[in-house]
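For reference, the structure is listed below as structure tokens.
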Amino acid sequence: MSTFFRKNLLPLATLIVIIIFFLAAAQGMNSQDFVITLLRGLSVGAVTFLVASGFSLIFGLLDVLNLAHGTLFMIGAYIGWTVFVRPDTFVDLLTPLALALSGFTLRDVYPLLSDRIRLSLSMKRILPWALILVSALLFILVLPRYPIAGWNLDNYAQSPVTYSYMADQGTRLPPPTVAFDQISPALAIGGLLLVSLLGSFGLSLFDQSARRSPQLTWRSYASFVILLFIGLITFIFNDALTNFLLGLNANWLFFIAVIVATLSGAGLGALMEMTLIRPLYSRPIYQLMLTIGLSAIGVQIVQAVWGRPEFIMPKPTLFNGSGASCPATNFSSWWQGNCSTILLLGGRVRVYNEILIPIIGVLVLIAVWILLQRTRLGMIIRAGVQDREMVEALGINVRRAFTIVFALGVGLATLGGALAAPSMGLSNAMGESLLLDALIALAIGGLTSYPGAALGSLLVGLIQQFMIQYGQIGISIPFTSLVLKPTPPIVPASTVLLMVIILLILPNGLLGKKE
Amino acid sequence: MQKKSSSFFRNHRASFILLVAVVLLPFIVGLFEGASPAAVWANQGGISKFAEGLGIEIFILALYALSYDLIFGVTGLLSFGHAMFFAVGAYLTGIALKTFALPLSAVIGLVFLASIVQALLFGLVLPRVKGITFALVTLGMASVFHIIIMSSELGSYTGADVGLQGVIVPSFINPANERLRFYFVALVVLVLIYLLYQRFVNSPTGRVCVAIRENEGRAKMLGYNTFAFKLAALMLSSFTAASAGILHALYQPIVSPNVADLSFTVTALLIVLIGGVGTLSGALIGAAIYRLLDFGLRRYIGENASFITGAIYVAFVLFIPYGIVGTWRAKSFRIAEGWRRLLAAFKT
Numbered sequence: 069m070s071t072f073f074r075k076n077l078l079p080l081a082t083l084i085v086i087i088i089f090f091l092a093a094a095q096g097m098n099s100q101d102f103v104i105t106l107l108r109g110l111s112v113g114a115v116t117f118l119v120a121s122g123f124s125l126i127f128g129l130l131d132v133l134n135l136a137h138g139t140l141f142m143i144g145a146y147i148g149w150t151v152f153v154r155p156d157t158f159v160d161l162l163t164p165l166a167l168a169l170s171g172f173t174l175r176d177v178y179p180l181l182s183d184r185i186r187l188s189l190s191m192k193r194i195l196p197w198a199l200i201l202v203s204a205l206l207f208i209l210v211l212p213r214y215p216i217a218g219w220n221l222d223n224y225a226q227s228p229v230t231y232s233y234m235a236d237q238g239t240r241l242p243p244p245t246v247a248f249d250q251i252s253p254a255l256a257i258g259g260l261l262l263v264s265l266l267g268s269f270g271l272s273l274f275d276q277s278a279r280r281s282p283q284l285t286w287r288s289y290a291s292f293v294i295l296l297f298i299g300l301i302t303f304i305f306n307d308a309l310t311n312f313l314l315g316l317n318a319n320w321l322f323f324i325a326v327i328v329a330t331l332s333g334a335g336l337g338a339l340m341e342m343t344l345i346r347p348l349y350s351r352p353i354y355q356l357m358l359t360i361g362l363s364a365i366g367v368q369i370v371q372a373v374w375g376r377p378e379f380i381m382p383k384p385t386l387f388n389g390s391g392a393s394c395p396a397t398n399f400s401s402w403w404q405g406n407c408s409t410i411l412l413l414g415g416r417v418r419v420y421n422e423i424l425i426p427i428i429g430v431l432v433l434i435a436v437w438i439l440l441q442r443t444r445l446g447m448i449i450r451a452g453v454q455d456r457e458m459v460e461a462l463g464i465n466v467r468r469a470f471t472i473v474f475a476l477g478v479g480l481a482t483l484g485g486a487l488a489a490p491s492m493g494l495s496n497a498m499g500e501s502l503l504l505d506a507l508i509a510l511a512i513g514g515l516t517s518y519p520g521a522a523l524g525s526l527l528v529g530l531i532q533q534f535m536i537q538y539g540q541i542g543i544s545i546p547f548t549s550l551v552l553k554p555t556p557p558i559v560p561a562s563t564v565l566l567m568v569i570i571l572l573i574l575p576n577g578l579l580g581k582k583e
Numbered sequence: 062m063q064k065k066s067s068s069f070f071r072n073h074r075a076s077f078i079l080l081v082a083v084v085l086l087p088f089i090v091g092l093f094e095g096a097s098p099a100a101v102w103a104n105q106g107g108i109s110k111f112a113e114g115l116g117i118e119i120f121i122l123a124l125y126a127l128s129y130d131l132i133f134g135v136t137g138l139l140s141f142g143h144a145m146f147f148a149v150g151a152y153l154t155g156i157a158l159k160t161f162a163l164p165l166s167a168v169i170g171l172v173f174l175a176s177i178v179q180a181l182l183f184g185l186v187l188p189r190v191k192g193i194t195f196a197l198v199t200l201g202m203a204s205v206f207h208i209i210i211m212s213s214e215l216g217s218y219t220g221a222d223v224g225l226q227g228v229i230v231p232s233f234i235n236p237a238n239e240r241l242r243f244y245f246v247a248l249v250v251l252v253l254i255y256l257l258y259q260r261f262v263n264s265p266t267g268r269v270c271v272a273i274r275e276n277e278g279r280a281k282m283l284g285y286n287t288f289a290f291k292l293a294a295l296m297l298s299s300f301t302a303a304s305a306g307i308l309h310a311l312y313q314p315i316v317s318p319n320v321a322d323l324s325f326t327v328t329a330l331l332i333v334l335i336g337g338v339g340t341l342s343g344a345l346i347g348a349a350i351y352r353l354l355d356f357g358l359r360r361y362i363g364e365n366a367s368f369i370t371g372a373i374y375v376a377f378v379l380f381i382p383y384g385i386v387g388t389w390r391a392k393s394f395r396i397a398e399g400w401r402r403l404l405a406a407f408k409t
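The listed protein sequences derive, respectively, from chains U and Y. Everything in the first sequence is counted per the numbering used here, starting at 69 for the first residue and increasing by one. Everything in the second sequence is counted per the numbering used here, starting at 62 for the first residue and increasing by one.
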């Protein structure tokens, strides 16, 4: 124990100084404000943690600074909103998505096919491009004719803002009916399948390293058949599924929305790593440009699909009640009334924002911690963070771990986005500011340290919220009668200043290991 | 002597043709509209004045990207706070001219001092933090500066979040009336600093900077005081970015606080990546491409332009792997070979 203290003297001393400052400054606050601010800080910290931990895992193992992480967080929020408020759109999208992805699961089959093709060298160079071009053209031709119930950004009555508002009021607007536009359903589905097959075959021709001769078993086709099956089933039972989701309790629907956002984030992450990040491991600097570019594209896609105006995702009914018994005074009365607020030490605390989100944050923290510490995959990841080449030399397939970690990191970000949507609201700029917060949190805690990400996020959240609170009541400086009121710009500056100070004392952050 | 100079011209033929083209550009653009060179010389309005304005913006951006290329591409320091160097120059010039009515020469001296001071400020943290941590610390410093100029307490000097406006520009290079002169001044500054940078990179000092980028430990082991070299590169870079800031403050009617933002540093990073990391000429080409792309897309596509810009960045990374100049250098032999074969095919 004493050696532990001696070894970590500097981080511990820094932490203690921060805590002393924190307590000294908090003395002028009454307990009601203190509890609320503390919980708000925890909430912001939890959301920041979800983004920061994924970022840190990716940076630690892959050495990729994923500057698109904030944008992915935002995309998660918008996906969650879509599933929650417009389940019909979500169900309509399932079929094209499953069909479009099905081709990519035939990875092992394509090398056999391409070996059969005998072409001149120049034709072989042109072939993948031609395939991708044909696939893209087909896609542009088919998709607009495929019926996807959406919203209309130009018409306010059918815009996401209105749908969101109506859902918050408890009434759902009836989904618009859509039909195939000058195309027969069979042709549309066949076309989408062809798009996927041609496109993925074309892409596989680029990947020369995949030219091993795989043993073709039923496994090579299984996922393709499953995806095809899912696509067809969701197509046939489209209406039934939509009605089922629309009739579902809003709490379950919210749960489904969060799960879907997480999974689609993970899928997006895996796709990103396999197609775009993988060719760049030899040129790490250009990953910055790639992720900046992707981030710009993501923001634009969100603007084009969901529009520029900000809107709020309604809370699940479990946290949205405002009956006679509200605000609740204890757990059982909250359970009966489903109150949106609860009285804690005399202060009104919003249950969703300030109690649920921190709890989920802690749960995710524990789950990922168990994954990292107790499973074989976690062992590979931890070893890879320390010394990637050594792990590779031991014959472990680190590349597969790369894909999984990227998927996990992005999935955590989109989970954070979907969870934060009801409390933060959806806007095109929500990703950027959070990415900056996450970066600061990681710098404070230690860039590649998982507990460091948690500690840093906690500090960032708490300091931000307390600074906002002090902006209203002022800081009473100990032993003097001075009262300092921080103006709004101080709020971001305070975390940044803390980061600079900590990095100057401890260049690796509070919990980071020395290189 | 004669022979030497002629070979110098031959070696840099492309650069000289480009320079002459840039010098003649306002007049040529004027001819398209039917304006005589004399009218262009007299600063009459029209398309050539507009082209001059675009050219000036490109020169300023090129100067700024050049300074980033020196510390990032040549010395290998990843800084996320570079916009501060630029913004200090711009804001100091604006405030000194507007509030204190100093003469321009005094302003330049002041900015020179300030740029040394901020390079020293970055140098203060240089020995302690490395790699991505250095990037984050510089980001922190630049954010603090950004917050300071945005704060309402200093609004009477900096204009807070609206930006600094109403800078009284000395009449002899006022961009409204004497834009052609401003164009040539910016061009001369750019060319001089570019030559200085070429000289710096090819000097023993610059070579040590490249060695630091490649392997700092080895450079240290060879007995070089790497800190001093990094500081020298930082100072030169800081001064260049601040001079770009001076030009910016003189040229733009409003100096917006966005020039101290992280996104403006990212602009420099993108320009350098487009042009080719560590190739000084890449920064110039990258700046021209970046500005023209931005201008063209915004004009012809409108609000959704950044989708295309993002797609172009991704395509750049995938298909032009080392930036324009970097890829050209790596493949110039093969490209030349291809041309020769093409010409031969036409001859027969």
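Think of the CB as a built atom: it goes at the ideal place given N, C-alpha and C, for glycine as much as any other residue.
Under 7 Å between C-beta atoms of residue i and residue j
i: A247/Y; j: F147/Y; result: no
i: V210/U; j: A256/U; result: yes
i: S268/U; j: G171/U; result: yes
i: R359/Y; j: L122/Y; result: no
i: L523/U; j: G513/U; result: yes
i: A145/U; j: A481/U; result: no
i: F73/U; j: S525/U; result: no
i: A469/U; j: I438/U; result: no
i: V2/Y; j: A180/Y; result: With chain Y running from 62 to 409 in the structure shown, residue 2/Y is simply not present.
Residue of the options minimising C-alpha distance to residue i
i: A334/U; options: G171/U, S525/U, I472/U and V103/U; result: I472/U
i: K581/U; options: I345/U, P228/U and Y518/U; result: Y518/U
i: G128/U; options: L187/U, L510/U and L571/U; result: L510/U
i: F312/U; options: F158/U, I194/U, L265/U and R287/U; result: F158/U
i: T388/Y; options: R359/Y, D355/Y, T340/Y and G357/Y; result: T340/Y
i: G347/Y; options: Y125/Y, G114/Y and W102/Y; result: Y125/Y
i: V432/Y; options: R346/U, M357/U, G520/U and E341/U; result: Past the edges of chain Y, shown from 62 to 409, lies residue 432/Y, and the structure says nothing about it.
i: D183/U; options: P490/U, S272/U, D160/U and M234/U; result: S272/U
i: A310/Y; options: S212/Y, A100/Y, V168/Y and R189/Y; result: V168/Y
i: G336/Y; options: R268/Y, S232/Y, D130/Y and F77/Y; result: D130/Y
i: A451/U; options: T516/U, L433/U and F102/U; result: T516/U
i: I427/U; options: P347/U, R193/U and A114/U; result: A114/U
i: A168/U; options: I298/U, V459/U and F323/U; result: I298/U
i: G384/Y; options: I332/Y, S367/Y, R240/Y and F288/Y; result: I332/Y
*Could you tell me which uninterrupted alpha helix (DSSP H) segments, each at least 4 residues in length, are contained entirely in the region 137-215 of chain U, listed from first to last along the chain?*
With a minimum length of 4 residues, the continuous alpha helix (DSSP H) runs that stay inside the region 137-215 of chain U are 137-153, 155-170, 178-184 and 189-210.
*chain Y contacts made by the region 401-425 of chain U, where a contact means CB separation under 7 Å*: Going along the region 401-425 of chain U in chain order, one finds no residue with a Cβ nearer than 7 Å to chain Y.
*Three or more beta-carbon pairs under 8 Å between the region 148-159 of chain U and the region 457-472 of chain U, yes or no?*
Judged by Cβ distances under 8 Å, the region 148-159 of chain U makes no contact with the region 457-472 of chain U, as fewer than three pairs qualify.
*For the region 319-327 of chain Y against the region 203-218 of chain Y, are there 3 or more C-beta pairs whose distance is under 8 Å?*
The region 319-327 of chain Y vs the region 203-218 of chain Y: in contact.
_Three or more C-beta pairs below 8 Å linking the region 365-377 of chain Y and the region 359-369 of chain U_ = Three or more Cβ pairs closer than 8 Å define a contact, and the region 365-377 of chain Y meets that threshold against the region 359-369 of chain U.
*Taking a cut of 8 Å between CB atoms, which residues from the region 374-395 of chain Y lie near chain U?*
Across the region 374-395 of chain Y, CB contacts with chain U closer than 8 Å involve Y374, V375, F377, V378, L379, P382 and Y383, in sequence order along the chain.
*May I ask you to list, following chain order, the residues of the region 188-211 of chain Y that have a beta carbon less than 7 Å from some beta carbon of chain U?*
Under the 7 Å Cβ criterion, the region 188-211 of chain Y contributes R189, V190, I193, T194, L197, V198, G201, M202, S204, V205, I208 and M211.
*Is the number of C-beta pairs between the region 528-535 of chain U and the region 108-123 of chain U that are closer than 8 Å three or more?*
Counting C-beta pairs closer than 8 Å gives three or more between the region 528-535 of chain U and the region 108-123 of chain U, which meets the contact rule.
_Give me the subset of the region 503-521 of chain U whose CB atoms are less than 7 Å from a CB atom of chain Y, sorted by chain position._
Contacts with chain Y (Cβ-Cβ distance below 7 Å) from the region 503-521 of chain U involve L507, A511 and L515, listed in chain order.
_If the cut-off is 7 Å on Cβ atoms, which residues from the region 356-375 of chain Y count as contacting chain U, listed in chain order?_
Within the region 356-375 of chain Y, the residues whose Cβ lies closer than 7 Å to some Cβ of chain U are N365, S367, F368, T370, G371, A372, Y374 and V375, listed in chain order.
*Using a Cβ cut-off of 9 Å, which residues of the region 159-171 of chain U contact any Cβ in chain Y, in chain order?*
Answer in chain order: no residues at all.
_Could you check whether the region 224-242 of chain U touches the region 380-387 of chain U, counting it as contact only if at least three pairs of C-beta atoms, one from each stretch, sit closer than 8 Å?_
Two segments are said to touch when three or more pairs of C-beta atoms, one from each, lie closer than 8 Å; by this definition the region 224-242 of chain U touches the region 380-387 of chain U.
*Using a Cβ-Cβ cut-off of less than 9 Å, list which residues of the region 150-179 of chain Y approach chain U; keep chain order.*
Under the 9 Å Cβ criterion, the region 150-179 of chain Y contributes no residue.
*Would you call the region 215-227 of chain Y and the region 80-89 of chain Y touching, i.e. three or more CB-CB distances under 8 Å?*
No, the region 215-227 of chain Y is not in contact with the region 80-89 of chain Y.
*Near-chain U residues of the region 325-336 of chain Y - C-beta to any C-beta below 9 Å*: Answer set for the region 325-336 of chain Y: V327, L330, L331, L334 and I335.
_Does the region 71-79 of chain U come into contact with the region 566-579 of chain U, if we say contact requires no fewer than three beta-carbon pairs (one atom in each stretch) closer than 8 Å?_
Output reads yes: the region 566-579 of chain U touches the region 71-79 of chain U.
_Can you pull out the residues from the region 562-575 of chain U whose beta carbon lies closer than 7 Å to at least one beta carbon of chain Y?_
Listed in chain order, the positions of the region 562-575 of chain U with a beta carbon within less than 7 Å of a beta carbon of chain Y are V564, L565, M567, V568, L571, L572 and P575.
*asked:* Beta carbons nearer than 7 Å to chain U: which residues of the region 69-96 of chain Y have them?
replied: Correct list: empty, as no residue qualifies.
*At a Cβ cut of 8 Å, what residues of the region 241-260 of chain Y count as close to chain U, listed as they run along the chain?*
For the region 241-260 of chain Y, which is checked against every Cβ of chain U, not one residue is closer than 8 Å.
*Determine which residues of the region 360-372 of chain U have a Cβ less than 9 Å from any Cβ of chain Y, and write them out in chain order.*
Per Cβ criterion, the list reads I360, G361, L362, S363, A364, I365, G366, V367, Q368, I369, Q371 and A372.
_Proximal residues, the region 336-352 of chain Y versus chain U, C-beta separation under 9 Å_ = Going along the region 336-352 of chain Y in chain order, one finds V338 with a Cβ nearer than 9 Å to chain U.
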